[in-house]
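The structure appears below as structure tokens.
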Amino acid sequence: MLDAQARRLIDPPLNRMGRALARAGATADGVTLAGLVLGLLAALLVALGAAQWALLPLAASRLADGLDGAVARATRRSDYGGYLDIACDFAFYGALPLAFVLADPATNGAAGAFILASFYFNGTTFLGYAILAERRGIETAAQGIKSLYFSNGLLEGTETIAFFVLICLWPGGFAPCAWVFGALCYLSGALRLIGARRVFR
Numbered sequence: 560m561l562d563a564q565a566r567r568l569i570d571p572p573l574n575r576m577g578r579a580l581a582r583a584g585a586t587a588d589g590v591t592l593a594g595l596v597l598g599l600l601a602a603l604l605v606a607l608g609a610a611q612w613a614l615l616p617l618a619a620s621r622l623a624d625g626l627d628g629a630v631a632r633a634t635r636r637s638d639y640g641g642y643l644d645i646a647c648d649f650a651f652y653g654a655l656p657l658a659f660v661l662a663d664p665a666t667n668g669a670a671g672a673f674i675l676a677s678f679y680f681n682g683t684t685f686l687g688y689a690i691l692a693e694r695r696g697i698e699t700a701a702q703g704i705k706s707l708y709f710s711n712g713l714l715e716g717t718e719t720i721a722f723f724v725l726i727c728l729w730p731g732g733f734a735p736c737a738w739v740f741g742a743l744c745y746l747s748g749a750l751r752l753i754g755a756r757r758v759f760r
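Residue numbers (this note's numbering): 560 to 760.
The following block contains the structure:
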């Protein structure tokens, strides 16, 4: 819901940083993979009971997630780069809730399973929409220039990162926060399905 507004604020500095990284020889795919490694490091710290320390690699991971596209725009965009980016994002999005479950299975197990199931459903509606949009030649740049169609939703990347920061700052609140955020993910996916019925019929 907030991604379009966030992009207007963060894209200009990210593009400047991306051009500098490209001149230094960085590749977009390399930045994407570095972001994934940092995100998995954040998840590892959470699983080891150091959720607040996880904020540092988490922030660096999300910075890399913004920079990979900026590097690509400064060098050469590729369909594979966009595909790798979304796959790494989903890997990270699943790893962090799983880490909270591993840190305290008795307290976080049910809520963690619920939010991961909601991610699965929401991600399916998102990627399925992108496939149909591509087939029909529908394009958007509301969330920035992307390799695939980013349909808007109640919850997007900005809200997800805010949720991750919240649960790292307040690890004891993971379970109630996960139940609420998971329910909103299901609602976001359901609203996307309803919107798709109008667009693709």
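Virtual Cβ for every residue (Gly too), placed ideally from N, Cα, C.
From a predicted model like this one, the values you see are computed outputs, not experimental measurements.
Terminal residues of the alpha helix (DSSP H) in which residue i lies
{"i": "Ile726", "result": "Gly716 to Leu728"}
{"i": "Leu713", "result": "Element bounds for Leu713: n/a, residue is neither H nor E."}
{"i": "Ser620", "result": "Leu614 to Ala633"}
{"i": "Asp663", "result": "Here Asp663 belongs to no alpha helix (DSSP H), and DSSP marks it neither H nor E."}
Three-state secondary structure assigned by DSSP to residue i
{"i": "Leu697", "result": "It should be noted that the sequence gives Ile, not Leu, for residue 697. Three-state DSSP puts Ile697 in coil, outside helix and strand."}
{"i": "Ala734", "result": "helix"}
{"i": "Gly608", "result": "coil"}
{"i": "Leu684", "result": "Note that residue 684 is Thr in the sequence shown, not Leu. Correct three-state label for Thr684: helix."}
{"i": "Gly640", "result": "helix"}
{"i": "Thr586", "result": "coil"}
{"i": "Arg578", "result": "helix"}
{"i": "Arg760", "result": "coil"}
Any 3 or more C-beta pairs closer than 8 Å across the region 623-639 and the region 732-750: Contact between the region 623-639 and the region 732-750 is absent, because fewer than three Cβ pairs lie under 8 Å.
Segment contact, 8 Å Cβ cut-off, at least three pairs: the region 655-668 with the region 729-737: Flag = yes, the region 655-668 and the region 729-737 touch.
Inter-stretch contact (C-beta, 8 Å, three-pair minimum) for the region 709-726 and the region 741-755: Counting Cβ pairs under 8 Å, three or more are found: they touch.
The region 593-605 / the region 619-626 touching (three or more Cβ pairs under 8 Å): Enough Cβ pairs lie closer than 8 Å, so yes.
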